[in-house]
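K.L.:
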Amino acid sequence: MPELPEVETTVKDLNKKIKGLKIQDVWTDWAKMIKSPKDFNTFKKEIVGEKIKKVERRGKNILFRLNSKTLLIHQKLTGHLLIGKWILKNKEWKSNNGYLKEKVNQYIHLMFYLSNGKMLGLSDLRKFGKVLVVDNKNLENLEDIKNLGPEPLDKKFTFNKFKEVFKNKRGKIKQVLINQTVIAGIGNIYSDEILFEAKIHPLKDVQKLKKDDLKRIYQAMKKILRRAIVLRGDSMRDYRDTAGKKGRYQEIQKVYQREGKECHRCKNKIKRIKISGRSGHYCPDCQKL
Ligand SMILES: [Zn+2]
Numbered sequence: 005m006p007e008l009p010e011v012e013t014t015v016k017d018l019n020k021k022i023k024g025l026k027i028q029d030v031w032t033d034w035a036k037m038i039k040s041p042k043d044f045n046t047f048k049k050e051i052v053g054e055k056i057k058k059v060e061r062r063g064k065n066i067l068f069r070l071n072s073k074t075l076l077i078h079q080k081l082t083g084h085l086l087i088g089k090w091i092l093k094n095k096e097w098k099s100n101n102g103y104l105k106e107k108v109n110q111y112i113h114l115m116f117y118l119s120n121g122k123m124l125g126l127s128d129l130r131k132f133g134k135v136l137v138v139d140n141k142n143l144e145n146l147e148d149i150k151n152l153g154p155e156p157l158d159k160k161f162t163f164n165k166f167k168e169v170f171k172n173k174r175g176k177i178k179q180v181l182i183n184q185t186v187i188a189g190i191g192n193i194y195s196d197e198i199l200f201e202a203k204i205h206p207l208k209d210v211q212k213l214k215k216d217d218l219k220r221i222y223q224a225m226k227k228i229l230r231r232a233i234v235l236r237g238d239s240m241r242d243y244r245d246t247a248g249k250k251g252r253y254q255e256i257q258k259v260y261q262r263e264g265k266e267c268h269r270c271k272n273k274i275k276r277i278k279i280s281g282r283s284g285h286y287c288p289d290c291q292k293l
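Under the working numbering, the first residue of the sequence shown is numbered 5, with each subsequent residue one higher.
(1) Which residues have a Cβ closer than 6 Å to any heavy atom of ligand 3, listed in chain order?
(2) Between the Cα of Lys203 and the Cα atoms of Val259, Arg252, Ala247, which residue gives the shortest distance?
(3) So within the region 10 to 37, which uninterrupted beta strand (DSSP E) runs reach at least 3 residues, ignoring any that extend past its ends?
(4) Within 10 angstroms of its Cβ, does Asp17 collect 16 or more other Cβ (buried), or is it exposed?
(5) Roughly how many whole angstroms lie between the Cα atoms of Asp43 and Gln291?
(6) Apply the 10 Å Cβ neighbour rule to Leu213 and answer buried if 16 or more other Cβ atoms are within range, or exposed otherwise.
(7) Quick one: what's got a C-beta closer than 8 Å to Lys275's C-beta in the same chain, skipping five residues either side?
(8) Might you give, ordered along the chain, the residues of its own chain that have their beta carbon closer than 7 Å to the beta carbon of Asp29, omitting 5 neighbours on each side?
(9) If you draw a straight line from the alpha carbon of Glu10 to that of Asn45, how long is it in whole angstroms?
(10) Within the same chain, show all residues whose beta-carbon is closer than 6 Å to that of Leu136, passing over the 5 residues directly before and after it, in chain order.
(11) Lys278 to Glu7, Cα distance in whole Å?
(12) Within 10 angstroms of the Cβ of Cys270, are there 16 or more other Cβ atoms? Answer buried if so, exposed if not.
(13) Using the rule of at least 16 other Cβ atoms within 10 Å of the residue's Cβ for burial, across every protein chain shown, is Val59 buried or exposed?
(14) Straight-line CA distance for Ser283 to Ile193?
(15) Classify Arg174: buried if its beta carbon has 16 or more other beta carbons within 10 angstroms, exposed otherwise.
(16) Please confirm whether Met37 and Lys122 have their CB atoms less than 8 Å apart.
(17) Would you check if the distance between the CB atom of Ile177 and the CB atom of Pro156 is smaller than 8 Å?
(18) According to DSSP, what are the bridge partners of Lys2?
(19) At 4 residues or longer, and completely inside the region 166 to 254: list those alpha helix (DSSP H) runs for me, N to C.
(20) Would you kindly report the start and end of the unbroken beta strand (DSSP E) that includes Lys73?
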């Protein structure tokens, strides 16, 4: 699933490429992904003719700020937004330009036609993506937004605030880090990478973390997320940027999806454990419980 660095990369791209354009039409073959308004024609009426004033990110949500409304897209498991030109042939979108030909970019189930002749498509193999339109005045009350924890890269999210967040939390550190109501935007990839960097075992009870442990996690969180943004996200799985190109974080991943491979620090083998249905990857030597 795209996490903060991937969503941030997409949002930066969108601001560069489509800010100020109008939405001229919308197409879908999977109206189920549109959660509100549920009727596709009503959804269409809500956004056609609207200008994209800017694009923002909150947690893993992409917010297209229109005049008095916001179009929210959550890419969920395999979704990613692409900008380009396609032609619909036999119910499939075809494109001849470069990276858009890659298979992972060919599962377009939602297409926006823009006023400069380009198109914005949501390629989503598993079709779990979530799309909705909301009045700006109701945005903050939206379930998807109001329960989100602080933004980890916000300058105002100081170490003291980070410590506060953990004060009354229970559970294993990995689970707490990926809980969107605690901190927004961190998922499976970056929680593994942050904990390796901080030398903290993923199953460590948060109540047992010392101030120094929390400091290392805080610093690792900022460092890893910033580096991943510079590298334009992680494309080990389905994520691609809006040109359909891969990010490069997977080239420097230390533990995520590296089960059985050598730890870059101590040469021991990386292990994988299950934590309530999720996988956690760690080095048993560098990250002791
Ligand atoms: Zn190690």
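By construction, the Cβ of each residue, glycine as well, lies at the ideal position given by its N, Cα and C atoms.
P.N.:
Based on what the coordinates show:
(1) Among the ligands in the structure shown, ligand 3 does not appear; only ligand 1 can be found there.
(2) On the sequence shown, position 199 is the one that residue 203 refers to. Nearest option by C-alpha distance: Val259.
(3) 27 to 32
(4) As a first step, residue 17 is located in the sequence shown; it is residue number 13 there, counting from the start. The residue is buried, with at least 16 neighbouring Cβ atoms inside 10 Å.
(5) Along the sequence shown, read from residue 1 onward, the residue named residue 43 stands at position 39. Along the sequence shown, read from residue 1 onward, the residue named residue 291 stands at position 287. About 50 Å.
(6) Position 209 of the sequence shown, counted from the first residue, corresponds to residue 213. Leu213 comes out buried.
(7) Here residue 275 refers to the residue found at position 271 when the sequence shown is read from its first residue. Taken in chain order, the residues that qualify are Glu263, His285, Tyr286, Cys287, Pro288.
(8) For the purposes of this step, residue 29 is taken as the residue at position 25 of the sequence shown. Contacts found: Val52, Tyr117.
(9) For the purposes of this step, residue 10 is taken as the residue at position 6 of the sequence shown. For the purposes of this step, residue 45 is taken as the residue at position 41 of the sequence shown. So the two alpha carbons sit approximately 30 Å from each other.
(10) On the sequence shown, residue 136 is found 132 positions in, with the first residue counted as 1. These residues qualify, in order along the chain: Lys39, Ser40, Leu76.
(11) In the sequence shown, residue 278 corresponds to position 274, counting from 1. In the sequence shown, residue 7 corresponds to position 3, counting from 1. Near 20 Å, if we compare the C-alpha coordinates of Glu7 and Lys278.
(12) Looking up residue 270 in the sequence shown gives position 266. Classification of Cys270: exposed, given that the 10 Å Cβ count is below 16.
(13) As a working note, residue 59 is residue 55 in the sequence shown. Counting Cβ neighbours within 10 Å, Val59 comes out buried, since at least 16 surround it.
(14) Your numbering for residue 283 matches position 279 in the sequence shown. Your numbering for residue 193 matches position 189 in the sequence shown. Those two C-alpha atoms are separated by around 10 Å.
(15) Here residue 174 is taken as the residue at index 170 of the sequence shown, counted from 1. So Arg174 counts as exposed.
(16) For this step, residue 37 is matched to residue 33 along the sequence shown. For this step, residue 122 is matched to residue 118 along the sequence shown. Contact: no.
(17) Mapped onto the sequence shown, residue 177 falls at position 173. Mapped onto the sequence shown, residue 156 falls at position 152. Contact: no.
(18) This structure cannot speak to residue 2, because the chain is shown only from 5 to 293.
(19) 177 to 182, 192 to 202, 215 to 234
(20) If you number the sequence shown from 1, residue 73 lands on position 69. Unbroken beta strand (DSSP E) run through Lys73: 73 to 78.
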